[in-house]
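Student: Attaching a single structure in structure tokens format; questions to follow.
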């Protein structure tokens, strides 16, 4: 009987699995072909195999390593900030949300806006010459910050990303916080446990699997960042905000180096795969 159910499940799932294999597998195979070939827009139909030439060009390109370092820094900092703020909001607003459900709807508004539109909005409001925020800061405080200057642009894009995606972490943590049995809190309160100790000793340990997943998801999303940064500042002053995704885009469409861009995409995919494998191993080890 069990074998029969397994066979039925496999038959039912096979169309979806085949569809995903075609949709996801074709670009991957094409990237591998072009990544190891000497090709351009004129020779897409007949790429010439070039071995590891493209990979060597990418790994010896200082701009690539600058983009990799930016992506790692950006992903790490935004993941930590978003999860810390999301956790704080979930814990402190949970009692209020039980009474006023509209608070959740208000908090998730930034997450609903398309990242590209968010980038364009920040580009307008932070403009040094015409943006309302620099204007009012100068009018009220006499302070005229250049948010998109080489010195400040990294902080600006980090804060913009954090503002948009903190609600995502907040929703995850709010769900995890509400799933903690109330009886456990009541028992700890009867024993005289203070609120801060209740959080550190009971609530946070129970929420750690969710914290781990949220940090990992936000890191991966920040690591492959493209749309909101590109619409906000492009590659940034002197390439200071060039992420790995932007590097692939610029190499492919701006310079027409298809083989090199596909080699960079392969390295980006490999980095994401290694990070995913490490995260799965760490989760099994920590929460088994």
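Residue numbers (our numbering): -13 to 274.
Don't be surprised by glycine CBs; every beta carbon is placed ideally from N, CA and C.
All figures in this text were calculated on a predicted structure; none of them were measured in a lab.
Using C-beta distances below 7 Å, list every residue in its chain close to residue 85, excluding the 5 sequence neighbours before and after it, in chain order.
Tutor: none
Student: Measure the Cβ-Cβ separation of residue 255 and residue 61 and say whether it is below 8 Å.
Tutor: no
Student: Quick test of your reading: residue 152 and residue 243, contact by CB under 8 Å. State the CB separation rounded to the nearest angstrom.
Tutor: Wrong, their Cβ atoms sit about 37 Å apart, outside the cutoff.
Student: Return helix, strand or coil for residue 147, following the three-state DSSP convention.
Tutor: Residue 147 carries a helical assignment under DSSP once its states are collapsed to helix, strand and coil.
Student: Run through DSSP, which three-state label would residue 243 get?
Tutor: coil
Student: Check whether the Cβ atoms of residue 226 and residue 212 sit closer than 8 Å, and answer yes or no.
Tutor: no
Student: In this structure, how does DSSP classify residue 34 when only helix, strand and coil are distinguished?
Tutor: Of the three classes helix, strand and coil, the one that applies to residue 34 here is strand, per DSSP.
Student: Would you tell me roughly how many angstroms separate the C-alpha atoms of residue 52 and residue 71, rounded to the nearest one?
Tutor: 28 Å
Student: Using beta-carbon positions only, say whether residue 184 and residue 200 come within less than 8 Å of one another.
Tutor: Going by C-beta atoms, residue 184 is not nearer than 8 Å to residue 200.
Student: Using DSSP's beta-bridge definition, name the partner residues of residue 189.
Tutor: The partner list for residue 189 (beta bridge, DSSP) is empty, contrary to what the question assumes.
Student: Please identify the residue among 265, 269 and 246 whose C-alpha is closest to the C-alpha of residue 45.
Tutor: 246
Student: Could you compute how far the alpha carbon of residue 167 sits from the alpha carbon of residue 270?
Tutor: 24 Å
Student: Per DSSP, residue 23 forms a beta bridge with which residues?
Tutor: 35
Student: With respect to the alpha helix (DSSP H) encompassing residue 79, which residues constitute its N-terminal and C-terminal limits?
Tutor: 48 to 85
Student: Distance check for residue 15 and residue 165, CA to CA, integer angstroms please.
Tutor: 43 Å
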